[in-house]
Amino acid sequence: MMAVCPLPTKICPVCQRPFTWRKKWRHCWEHVKYCSERCRRHKSQSQQEDQFDG
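When we follow this note's numbering, the leftmost residue of the sequence shown carries the number 505, and every step to the right adds one.
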């Protein structure tokens with residue numbers, strides 16, 4: 505039986521949820537910021553909320 509290594513995770517800056525590494529991101533994982541296309545499209549809303557907090 506093979507041991508399964510835990511996959512790397514990141515926190516999405518838009519929805520604040522953790523997301524894990526996917527095979528399609530194997531060559532660009534260091535550049536991935538958002539968990540989904542939906543969050544990537546709504547990134548400006550997240551940046552606006554950050555401005556109001558500070």
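Quick reminder that beta carbons are idealized off the backbone N, C-alpha and C, glycines included.
Requested in this report: Go to E541, then tell me how far its alpha helix (DSSP H) extends in each direction, as first and last residue.
Outcome: According to the DSSP assignment, E541 belongs to the alpha helix (DSSP H) that extends over E541 to R545.
Query raised in the report: So what's K537 in DSSP terms, helix, strand or just coil?
Result: Looking at K537 - three-state DSSP - the assignment turns out to be coil, as it is neither helix nor strand.
Query raised in the report: What's the C-alpha gap between C539 and W533?
Result: Roughly 11 Å between the two C-alpha positions.
Query - CA-to-CA distance, E541 to T524, given in whole angstroms - result: Looking at the backbone, the Cα of T524 and that of E541 are separated by about 15 Å.
**Report entry** Spatial distance of H535 from M505 (CA atoms)
**Finding:** Near 33 Å, if we compare the C-alpha coordinates of M505 and H535.
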